[in-house]
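Under full-length UniProt numbering, the residue at position 229 of the sequence shown is numbered 229, and the numbers go up by one with no gaps. Glycine included, every Cβ here is placed at the ideal spot set by N, Cα and C. These figures come from a predicted structure and were not determined experimentally. This report concerns only the one structure given below.
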Amino acid sequence: MATPQSISRRDALAAGLSDTDLHRLCRHGLWHRLRPGHYLAVPPTAVSPAQRHRLLIRATVVTTSDSAVVSHVSAAVLHGLPVWRLRLDRVHLTRNRRNGGRRGAHLLVHSALLEPEEITVVDGIRCTTVARTLVDLARTEPFEQSVVCGDGALRGGGTSRARLHDQLHRLDNRPGHRNAAAVVRFLDRRSESIGASRSRVALRQAGFPAPELQARILSPAAGFVARADFLFPKMGVVGEFDGDPPGYATGGSPVGATAAARQREARLRALGWSVARWTWDDLDEPGVVARRMEAAAAAAMGKPRTGRWLPAPRL
1 MATPQSISRR DALAAGLSDT DLHRLCRHGL WHRLRPGHYL AVPPTAVSPA QRHRLLIRAT
61 VVTTSDSAVV SHVSAAVLHG LPVWRLRLDR VHLTRNRRNG GRRGAHLLVH SALLEPEEIT
121 VVDGIRCTTV ARTLVDLART EPFEQSVVCG DGALRGGGTS RARLHDQLHR LDNRPGHRNA
181 AAVVRFLDRR SESIGASRSR VALRQAGFPA PELQARILSP AAGFVARADF LFPKMGVVGE
241 FDGDPPGYAT GGSPVGATAA ARQREARLRA LGWSVARWTW DDLDEPGVVA RRMEAAAAAA
301 MGKPRTGRWL PAPRL
């Protein structure tokens, strides 16, 4: 189903509705107010948070000057990047000047100098490039959310490590630069999902070494055995993030997917690897991932491993 378009109060009144009608429609949950003077003719649950924010952007830019550029999390939404746990109730704009920012209920205006090459157009809306957007986010948002967004951009080919490092250099005197540099160093396109990115952050926070991502594990006799989410060669541990079971998301049987995962784990253990598993919910429980990893490392200690593994290129 196509995303609904916002309706301005002016257009609604011109179509014969009154302010009383608009209030009643919103009160009964048939419409909802996007921002002052703009409505969506659907219940709030009919659009995703990202879709709603995209509509909020469109309703906002028509009331602002042409010099304003959509930026930060709003630009991330326009670029289709993952915006996990980032606030979407306000549109972020950047004006190309040194000062004069302002904050409102539905709008946050930043003041910063923008070079022409840092601006692009998405769906007819001027916004910051993916590289500038990611560095701005990494300067101003929490590490975990920034990594999720940045990994998604690299994974989808929206930018490159070289462009991100160039953008960091351009903004080396801006507040939050050190935080942004830490995020950029940590990004990895081999993180295949939001959960994988969050897992890497959890492992880092727990003090584990950086894992090999998506490494291929081979058996001397049978060849390919598995592709590991997170491989810790020196520890003898394979870390696995269990999101939606493979096959279940594509219409397969969840029972069959679970059985296949168990068989795969048995083959890894037969080669001497210990396996630590965690779920999406586990990532919200401090210490769960660390305890699973520590238990797996203890189980692997002293066990000989057969076969070999091949790293996935980072690029």
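### Query
Helix or strand or just coil, what does DSSP make of E192?
Residue mapping note: residue 192 aligns to position 192 of the sequence shown, counting from 1. In the structure shown, the three-state DSSP call for E192 is coil.
### Query
Anyone know if the C-beta pair for R314 and D151 falls short of 8 Å?
The sequence position of residue 314 within the sequence shown is 314, counting from 1. The sequence position of residue 151 within the sequence shown is 151, counting from 1. No.
### Query
Could you check where the beta strand (DSSP E) with A215 kicks off and where it finishes?
As a position in the sequence shown, residue 215 is number 215, starting the count at 1. 212-219 is the span of the beta strand (DSSP E), which, as asked, contains A215.
### Query
What distance in whole Å lies between the Cβ atoms of A75 and C127, which are believed to be in contact at a cut-off of 8 Å?
Against the sequence shown, residue 127 aligns to sequence position 127. Against the sequence shown, residue 75 aligns to sequence position 75. Under the criterion of beta carbons closer than 8 Å, C127 and A75 qualify as touching, at roughly 4 Å.
#### Entry: Beta-carbon contacts of residue 316 that lie in its chain and below 6 Å, excluding the five residues immediately before and after
The structure shown does not extend to residue 316, since the chain spans only 1 to 315, so no value can be given for it.
### Task
Please name the residue in T140, G104, S67, R85 whose C-alpha comes closest to that of E115.
Mapped onto the sequence shown, residue 115 falls at position 115. With distances taken between Cα atoms, E115 lies closest to S67.
### Message
Taking 8 Å as the cut-off, does the stretch 165-176 touch the stretch 130-144 (at least 3 CB pairs, one atom from each stretch)?
### Response
They touch, by the three-pair rule.
### Message
Using the three-state DSSP reduction, which class does T120 fall into: helix, strand or coil?
### Response
Within the sequence shown, residue 120 is the residue found at index 120, counting from 1. Strand at T120.
### Task
Could you tell me which of G307, A41, S274, G104 sits nearest to A298, measuring between CA atoms?
The residue labelled residue 298 in the question sits at position 298 within the sequence shown. Taking A298 as reference, the option from G307, A41, S274, G104 with the minimal CA-CA separation is S274.
### Task
Starting from the Cα of L13, find the closest Cα among G29, Q5, Y39, A226 and give me that residue.
Within the sequence shown, residue 13 is the residue found at index 13, counting from 1. Closest by alpha carbon: Y39.
### Query
Terminal residues of the continuous beta strand (DSSP E) containing H28?
Taking the sequence shown and counting its residues from 1, one reaches residue 28 at position 28. For H28, no beta strand (DSSP E) encloses it, and the DSSP letter there is neither H nor E.
### Query
Excluding five sequence neighbours on each side, which residues of the same chain lie with their C-beta closer than 6 Å to the C-beta of S253?
Mapped onto the sequence shown, residue 253 falls at position 253. Residue placement at S253 is flagged as unreliable, the pLDDT there being 48, under the threshold of 50; a coordinate-derived value is accordingly withheld.
### Task
Would you mind working out which of F232, A266, V238, V148 sits nearest F186, comparing C-alpha positions?
Here residue 186 corresponds to residue number 186 of the sequence shown, with the count starting at 1. Check the Cα spacing between F186 and each of F232, A266, V238, V148: the tightest is with V148.
### Query
Anyone know if the C-beta pair for H32 and T140 falls short of 8 Å?
Stepping through the sequence shown from its first residue, residue 32 is reached at position 32. Stepping through the sequence shown from its first residue, residue 140 is reached at position 140. Cβ atoms of H32 and T140: not closer than 8 Å.
### Message
Please tell me whether S199 and L213 are closer than 8 Å, where the distance is taken between their beta carbons.
### Response
Looking up residue 199 in the sequence shown gives position 199. Looking up residue 213 in the sequence shown gives position 213. In this structure, S199 lies away from L213, with their beta-carbon atoms at least 8 Å apart.
### For A295 and F241, the rounded distance between their alpha carbons
In the sequence shown, counting from the first residue as 1, residue 241 sits at position 241. In the sequence shown, counting from the first residue as 1, residue 295 sits at position 295. Using only the alpha carbons, I get a separation of about 16 Å.
### Message
Am I right that G236 and A300 are in contact with their C-beta atoms under 8 Å? What's the rounded C-beta distance?
### Response
Start at 1 with the first residue of the sequence shown, and residue 236 comes out as number 236. Start at 1 with the first residue of the sequence shown, and residue 300 comes out as number 300. Sure, about 3 Å apart at Cβ, within 8 Å.
### Task
Can you tell me the Cβ-Cβ gap for Q5 and R85, rounded? I've got them flagged as a contact below 8 Å.
Sequence index remark: in the sequence shown, residue 5 carries index 5 (1-based). Sequence index remark: in the sequence shown, residue 85 carries index 85 (1-based). At roughly 27 Å, the Cβ-Cβ gap does not stay under 8 Å, so Q5 and R85 are not in contact.
### Message
Going by the DSSP bridge assignment, what does L310 pair with across the sheet?
### Response
If you number the sequence shown from 1, residue 310 lands on position 310. DSSP, once it has assigned bridges, lists R216 as partnering L310.
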